[in-house]
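Okay, so here's the structure we're looking at.
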Ligand code: FUB
Ligand code: ZN
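Numbering (full-length UniProt numbering), first residue to last: 1 to 640.
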């Protein structure tokens, strides 16, 4: 491989595989012009980035770097061993945002933060504020929990963002020294308890054309699964050190760890042309999506280890669904889409974007959900924006957490969101997500530029206007989501289009327009019969949005007393309403036995709102899965 040090000609992309079915588009090729995601990007830029920096300054996580540089470290150190990674994820988010908007103030922030980080680097490339300095534990003594390589992985991803958006410079130099150090120290043994270094090394290696880094990522991957990490009460599956990655059949253990590892495995498989490794991850994805994924796209059912449960273990009230696991799941699916071209991966990405990534941040961008349950039994306490939340759950978004991995992960994902909107092939452009945007890319026959106008996800009409096109035919491919049966494409004449990919392959002319109509009627969704925890319930979805009921809309009625009738769903004046009744009685007696007699109240219309906005109006009970009234059970189209 040769060394390449320029910016990405596409303007910056988080993932640039050197081969594969699809080519990702960059910040210069896609621009959001308004709508759902543009609003979130603006808030992210205007509020979240500064918010994260303020908190890390206030808590001393940034000053940890200064203390190392000044030689004033000691036994006391604020933050967890992985707090350095939050600084790196923030820098990464700033780099994508800077690449997107060009805001000059951001460049200065990136330089300022980079300088503080760089001063803490040891002469041999080691860079960590928790270990290896006076008064601190020695380096690499606690591979299970120390997160040293994990932190470095995030540093490398930040450097990739900087390199691709601004070119070579201090951050890239720092990261290169850190990566070289890792390759030297871990040439023959050792893995980190939290995967992430693998993804960092693989992408940094791609960005620099440095095969040594990719090879080191492969070593880490193949070393895992042989029980080299200490056994712990949660078992070695917690850090995926129980089964070699090529033999594993599903995602398991700590969800973020499992998914970062899988993302890296796809990168390595693609770079090293390792088909068996790629197929192993495809199989694991399939298994986990079929059996271990929530309706929201959330992953992770267990609080005890922030981890995947067994197959079908998907309790709505105890759902963990960490926001970071949503980010990591998107990382895996995106890489699999690029490698294989399969749009199923973009289907899951859409679900996760709208129902996990959009759910986490409060609309002002200054508080976040960490866990994303599908049922909140009692309203949470109002969040206190001035204090650090000691817990991941609780029913209110928190300004900051003791373990605050999610806010910076949301920030870097939102800043680069539009790079997931489309992908390209030799002679096709494929729209994967729908948002008001302009997309311009060079295909084999020449430049193809389109403008997308839509109010999606509020409205399902998507107009694609051609701005310029090659003289020869090209293929415009549109993803039709799996829920969109009845979709219609108007391409000079209307025709029904089935879920999957619809292809228009012809000569396009500037000025012409195509219209895709995705039906967004609200619909009931039944759980498969094996998902025990929500048997007897239905959920309501509208387009890509999962909806929920909030107790705030039910004065005088307990949300958990409400039953719905799965034939009564209407949409009026933009509101989705389900026919419902409140059921009374039974609280004081033994809650098991033969069916009791409960009193059913008068029918009323239950308002359902997008899950991504729950608790936005204040503390509330909430549920996605709604019990079906006894008389109504047996109706509907239930999956097996
Ligand atoms: O351990 C680092 C991060 O903190 C994990 O990815 C999250 O799950 C949280 O535990
Ligand atoms: Zn997190």
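We put the CB at the ideal spot given by N, CA and C, even for glycine.
Minimum C-alpha distance to residue i - residue among the options
{"i": "residue 72", "options": "53, 22, 28, 135", "result": "135"}
{"i": "residue 162", "options": "620, 126, 203, 60", "result": "203"}
{"i": "residue 116", "options": "77, 63, 298, 558", "result": "63"}
{"i": "residue 572", "options": "536, 592, 521, 15", "result": "521"}
{"i": "residue 501", "options": "511, 494, 487, 508", "result": "487"}
{"i": "residue 23", "options": "618, 336, 548", "result": "336"}
{"i": "residue 131", "options": "182, 77, 184", "result": "77"}
{"i": "residue 37", "options": "614, 546, 433, 478", "result": "433"}
{"i": "residue 229", "options": "474, 195, 345", "result": "195"}
{"i": "residue 408", "options": "129, 39, 319, 90", "result": "90"}
{"i": "residue 47", "options": "362, 201, 7", "result": "362"}
{"i": "residue 109", "options": "223, 345, 94", "result": "94"}
{"i": "residue 545", "options": "525, 536, 552, 563", "result": "525"}
{"i": "residue 100", "options": "416, 617, 189", "result": "416"}
{"i": "residue 19", "options": "269, 218, 145", "result": "269"}
{"i": "residue 599", "options": "443, 551, 587", "result": "587"}
{"i": "residue 550", "options": "378, 189, 21", "result": "378"}
{"i": "residue 400", "options": "392, 388, 410", "result": "388"}
{"i": "residue 463", "options": "133, 327, 140, 518", "result": "518"}
{"i": "residue 191", "options": "240, 168, 206", "result": "240"}
{"i": "residue 613", "options": "86, 207, 372", "result": "372"}
{"i": "residue 279", "options": "249, 225, 302, 430", "result": "249"}
{"i": "residue 625", "options": "374, 523, 516, 447", "result": "374"}
{"i": "residue 568", "options": "561, 580, 559", "result": "580"}
Coil, strand or helix - residue i by DSSP
{"i": "residue 216", "result": "helix"}
{"i": "residue 605", "result": "strand"}
{"i": "residue 121", "result": "coil"}
{"i": "residue 41", "result": "helix"}
{"i": "residue 537", "result": "strand"}
{"i": "residue 468", "result": "strand"}
{"i": "residue 565", "result": "strand"}
{"i": "residue 442", "result": "strand"}
{"i": "residue 396", "result": "coil"}
{"i": "residue 32", "result": "strand"}
{"i": "residue 589", "result": "coil"}
{"i": "residue 486", "result": "coil"}
{"i": "residue 238", "result": "helix"}
{"i": "residue 503", "result": "strand"}
{"i": "residue 428", "result": "strand"}
{"i": "residue 185", "result": "helix"}
{"i": "residue 376", "result": "strand"}
{"i": "residue 104", "result": "helix"}
{"i": "residue 232", "result": "coil"}
{"i": "residue 251", "result": "coil"}
{"i": "residue 162", "result": "helix"}
{"i": "residue 52", "result": "helix"}
{"i": "residue 208", "result": "helix"}
Near the ligand PLP: residue i beta-carbon under 6 Å from a heavy atom
{"i": "residue 251", "result": "In the structure shown, the ligand PLP is absent; the only ligands present are the ligand FUB and the ligand ZN."}
Cβ separation of residue i and residue j, assumed to be a contact under 8 Å, to the nearest whole Å
{"i": "residue 10", "j": "residue 25", "result": "6 Å"}
{"i": "residue 510", "j": "residue 466", "result": "6 Å"}
{"i": "residue 366", "j": "residue 384", "result": "Not a contact, Cβ separation roughly 12 Å."}
{"i": "residue 419", "j": "residue 111", "result": "The Cβ separation is near 23 Å, so there is no contact."}
{"i": "residue 298", "j": "residue 319", "result": "6 Å"}
{"i": "residue 395", "j": "residue 137", "result": "Contact flag wrong, Cβ pair sits at about 36 Å."}
{"i": "residue 29", "j": "residue 439", "result": "6 Å"}
{"i": "residue 262", "j": "residue 332", "result": "5 Å"}
{"i": "residue 475", "j": "residue 428", "result": "4 Å"}
{"i": "residue 538", "j": "residue 628", "result": "6 Å"}
{"i": "residue 445", "j": "residue 470", "result": "3 Å"}
{"i": "residue 339", "j": "residue 259", "result": "Going by Cβ atoms, the distance from residue 339 to residue 259 rounds to 16 Å, so no, they are not a contact pair."}
{"i": "residue 175", "j": "residue 7", "result": "So it is not a contact: roughly 16 Å between Cβ atoms."}
{"i": "residue 647", "j": "residue 313", "result": "Residue 647 lies beyond the residue range present for the chain, which begins at 1 and ends at 640; the question has no answer from this structure."}
The alpha helix (DSSP H) enclosing residue i, as first and last residue numbers
{"i": "residue 669", "result": "Beyond the ends of the chain as shown, which are 1 and 640, falls residue 669; an answer cannot be given."}
{"i": "residue 65", "result": "63-70"}
{"i": "residue 101", "result": "83-101"}
{"i": "residue 130", "result": "Note, residue 130: premise wrong, no alpha helix (DSSP H); not H, not E."}
{"i": "residue 474", "result": "Unbroken run through residue 474 is the beta strand (DSSP E), 474-480; no alpha helix (DSSP H)."}
{"i": "residue 351", "result": "344-352"}
{"i": "residue 414", "result": "405-415"}
{"i": "residue 306", "result": "That residue, residue 306, is in no alpha helix (DSSP H); it is neither H nor E in DSSP."}
Bounding residues of the beta strand (DSSP E) (the contiguous stretch that carries residue i)
{"i": "residue 495", "result": "494-497"}
{"i": "residue 144", "result": "Run containing residue 144: none; DSSP gives neither H nor E here."}
{"i": "residue 340", "result": "Unbroken run through residue 340 is the alpha helix (DSSP H), 323-340; no beta strand (DSSP E)."}
Chain D within 7 Å of residue i, Cβ atoms only
{"i": "residue 626", "result": "This model lacks chain D altogether; it includes just one protein chain."}
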